[in-house]
Structure formats: C-alpha cells, structure tokens
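A.B. asks: The structure follows.
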Amino acid sequence: MNTAFIPRRIAQLEPFITTTAGRLLDGLELRSDVDVISDFAAPLTFRMICAILGVPPALDDAGTRDTLMATIAPSPDHDPLRVDEALHTLLDTLIGAKRTGSALGGSDLLGALVRASDECGAMSEEELRSTAYLLLLVGHDTTMNLIGNGTLALLQHPGQAALLSAPDPDPHLVTTAVEELLRYDSPVRDATFRCAAETITLHGQRVAAGDIVSLLIGSANRDEDVFPDADRLDLTRTPNDHLAFGYGPHFCIGAALARLEGILALPLLLRRLGPITLAKPADELTWRPTRVMRGLAALPVLRT
Ligand code: HEM
Numbered sequence: 024m025n026t027a028f029i030p031r032r033i034a035q036l037e038p039f040i041t042t043t044a045g046r047l048l049d050g051l052e053l054r055s056d057v058d059v060i061s062d063f064a065a066p067l068t069f070r071m072i073c074a075i076l077g078v079p080p081a082l083d084d085a086g087t088r089d090t091l092m093a094t095i096a097p098s099p100d101h102d103p104l105r106v107d108e109a110l111h112t113l114l115d116t117l118i119g120a121k122r123t124g125s126a127l128g129g130s131d132l133l134g135a136l137v138r139a140s141d142e143c144g145a146m147s148e149e150e151l152r153s154t155a156y157l158l159l160l161v162g163h164d165t166t167m168n169l170i171g172n173g174t175l176a177l178l179q180h181p182g183q184a185a186l187l188s189a190p191d192p193d194p195h196l197v198t199t200a201v202e203e204l205l206r207y208d209s210p211v212r213d214a215t216f217r218c219a220a221e222t223i224t225l226h227g228q229r230v231a232a233g234d235i236v237s238l239l240i241g242s243a244n245r246d247e248d249v250f251p252d253a254d255r256l257d258l259t260r261t262p263n264d265h266l267a268f269g270y271g272p273h274f275c276i277g278a279a280l281a282r283l284e285g286i287l288a289l290p291l292l293l294r295r296l297g298p299i300t301l302a303k304p305a306d307e308l309t310w311r312p313t314r315v316m317r318g319l320a321a322l323p324v325l326r327t
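Numbering (this note's numbering), first residue to last: 24 to 327.
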C-alpha cells in the first residue's frame, strides 16, 4: 500500500488535483452562498482517493460518501443494521467490479489489493474488505477536515488569510501554512487506542502494562512547551513539529497526498471564491459527532 502513496507518485497527481478543484470552483462562482464542505472539500478529496483506488466513476458520489460517513457518525436517522448492510453492499460492488472487470489488470490500488488477496493470499478476504473501507474513509474524511477546519481558521484570522489569498502566494509560505493549519485545528483529534506493553511513568503519571491509552493529538499540538504561543495561528511558524499525522511506525501513509491537496486547494479556494465570510457565527457551526475525527458537518460561507 505504501508505494501508492510515496511523495514521488503523489506529486504526479498535481495537475489532476488542480483541475478537479478548479472545475468544482467553476460551478460555485455564480453562487452567493456556498458550503465549503459539501460543495468543495468532500467531492474534491473523495475524487482523489477514488482515483488512486480505482473506484468506478458511478460510485464516486455523495451516496457512497454518506454510506461511509454513517459508519463513524451514527445519528438518530441511521439504523445501525442498515448502515452495516449498505457498507457491505458497497464493498461487494467495489471488490466485485475489480474481480470481474477489465480494471483488474489495471494499475490502481484496489485492483492490486484484490490481486494480492486472490493470487498470493497476502490478505484474507476480511482484510481486503476492511482495508478498502479504511482507505475510502480516511483517504477523504481527514483531508476534507483539513480543508474545512483550515478554511474556518483562516476566516477567523483575515490577516493571515490575506497571506494565502494573494494572486501568487510564496510557495514556502503555502507549505508552512498547511503545516500550521494541521497543527492549529487537527483533522484527526485522537490517535487509535494503544495498549501499554510495559509499565512506565510519564510526566508523573503511571501507565501500567496492559493499560489502554488514548493519545490526544489535538491537545499535543497545542502544547506550550513545544509551540511558543500555541493558541496563536501563525502561518509562518517554523519549526512546526506537530503530530497531526501521528508518529513512529504508524505514521500516516497518506500524509504526502493530504499535504498536496491542502497546498493546492486552500489558496485556490480563497482566491476563486473570495472575499468570503462565515454565513453564521463560528459557535453555531455543527461539528460531526465522531470520537477520532474533528470535522465540520457544514461550513456555510457568503461571498461578498
Ligand atoms: C489531513 C489529512 C490526514 C490526517 C490529519 C491523518 C492523520 C493520521 C494519523 C494521526 C494517523 C496515525 C494514527 C495512529 O497512530 O493511531 C494516520 C494513519 C493512517 N492514515 Fe492518515 N491522515 C490524513 C490523511 C490520510 C490519507 C489521505 C490517507 C489515504 C490513504 C490516510 C491513510 C492512513 C492510513 C492507512 C493510516 C494507518 C497507518 C498505519 O497504521 O500504519 N491518511 N493518519
């Protein structure tokens, strides 16, 4: 899986990301009100992971996204059994299409995973299904949150936003800006649970072998001992050793993709739609009720 996401391969996606983002923005230019999440961040990031995985165009849509999202943000409108059924149908259709279609011989990631499962038994059927689900979900939900949380932070700091929305922003600044937005309002709030392998004491807190530990990325990224003036958004902040993509052997495999999408999409969004303002006060925005992710359900903005 890692080879599909190495920076050299991801860099080749630059024209595709820019064109896709540009087309989405073309459709928004005549509107006075826009939801940055459903009109831009969600379709853009989903299209990218679908392209890498080789999801047939018919399944690259809001219905598929809703099915995936329902699995992590349960709501009273969603019957858990139905959500489960819809997810199984989706995975059957996707994996089935790779097994029967000509795409099986192609170079996309899902085709390669199916081959790894069918031809050399590198993955069980269950592992294949859960990996396809994981990639489809985290391959877009996370980056969608980077664009959503990042845009919100910029709208709340117009002076900083102006640095990015200039007609030809300094590429170095765009890079440090994306790192700072990842730190300031981290798209993944908590890492997956860990189980302590041995007893240790950390900052006076004893963690016994076998204890379940939850790592709070959002909190670590505002650690005053590491980040001077940690609650301040500073798009030029360097160094910026944030933990938004995790750390160690489980460091995010999609980091290069997410960074490139942020670097290309955020300045383009501000430039093409701008000037924009929040359509409602920030404290009235709805955050999706998930444990691990931190992302807005909608980010309505007005074009002024
Ligand atoms: C801004 C976007 C993203 C953020 C903030 C993010 C964050 C993270 C974090 C914090 C982890 C480590 C979790 C842990 O240690 O418990 C992780 C792992 C992972 N991420 Fe991302 N991610 C992003 C985008 C993506 C994308 C686009 C993909 C696409 C495939 C992806 C795939 C993965 C996978 C497969 C892992 C598990 C790696 C392993 O366990 O070895 N992520 N991500």
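Cβ atoms here follow ideal geometry from the backbone N, Cα and C, with glycine treated the same way.
It should be emphasised that the depicted structure is a prediction, and the values quoted were computed from it without experimental measurement.
Take Ala321 as the anchor and find which of Asp264, Pro210 and Ser61 has the nearest alpha-carbon.
C.D. replies: Ser61
A.B. asks: In three-state terms, what does DSSP make of Arg54?
C.D. replies: coil
A.B. asks: When DSSP builds the beta bridges, which residues end up paired with Arg255?
C.D. replies: Paired residues: none, contrary to the question.
A.B. asks: From Met316 to Val211, what distance separates their C-alpha atoms?
C.D. replies: 4 Å
A.B. asks: For Val236, count neighbouring Cβ atoms within 10 angstroms of its own Cβ and tell me buried if that reaches 16, exposed if not.
C.D. replies: Exposed.
A.B. asks: Quick check on this structure: which residue in Leu117, Gly171 and His180 has the alpha carbon closest to the alpha carbon of Leu151?
C.D. replies: Leu117
A.B. asks: Check Asp213 in the structure and name its three-state DSSP category.
C.D. replies: strand
A.B. asks: Is it true that the stretch 251 to 258 meets the stretch 170 to 190, where meeting means three or more beta-carbon pairs spaced less than 8 Å apart?
C.D. replies: yes
A.B. asks: Could you spell out the range, first to last residue, of the alpha helix (DSSP H) harbouring Ile170?
C.D. replies: Glu148 to Gln179
A.B. asks: CA-CA distance, Ala145 and Tyr156?
C.D. replies: 17 Å
A.B. asks: To which residues of the same chain is Pro290 closer than 8 Å at the C-beta, ignoring the five residues directly before and after it?
C.D. replies: Leu187, Ser188, Pro192 and Val197
A.B. asks: Can you find a heavy atom of the ligand HEM that lies under 7 Å from the Cβ of Phe28?
C.D. replies: yes
A.B. asks: When you compare each of Ser242, Pro251 and Leu159 to Tyr88 by their alpha carbons, which one comes out closest?
C.D. replies: Tyr is not the amino acid found at residue 88; the sequence shown has Arg there. Of the listed residues, the one whose Cα sits closest to Arg88 is Leu159.
A.B. asks: Examine the ligand HEM and report whether any of its heavy atoms sits within less than 7 Å of the Cβ of Leu47.
C.D. replies: no
A.B. asks: Nearest-angstrom Cα distance between Ala220 and Asp234?
C.D. replies: Answer to the nearest angstrom: the Cα atoms are 8 Å apart.
A.B. asks: Return the Cβ separation of Val331 and Thr174 in integer angstroms, given the expectation that the two are a contact with Cβ distance under 8 Å.
C.D. replies: The structure shown does not extend to residue 331, since the chain spans only 24 to 327, so no value can be given for it.
A.B. asks: Which two residues bound the contiguous alpha helix (DSSP H) that contains Thr19?
C.D. replies: Coverage of the chain is limited to positions 24 through 327, which leaves residue 19 absent and any answer about it impossible.
A.B. asks: So is the beta-carbon of Pro66 under 7 Å away from any non-hydrogen atom of the ligand HEM?
C.D. replies: no
A.B. asks: How big is the Cα-Cα spacing for Ala64 and Asp208?
C.D. replies: 16 Å
A.B. asks: Quick check: is any heavy atom of the ligand HEM less than 7 Å from the C-beta of Thr215?
C.D. replies: yes
A.B. asks: My output table needs one value for Ala232: the three-state DSSP class, helix, strand or coil.
C.D. replies: coil
A.B. asks: On the three-state DSSP scale, how would you describe Met24?
C.D. replies: coil
A.B. asks: Under the DSSP definition of a beta bridge, which residues are partnered with Met71?
C.D. replies: Its beta-bridge partners do not exist; DSSP assigns none.
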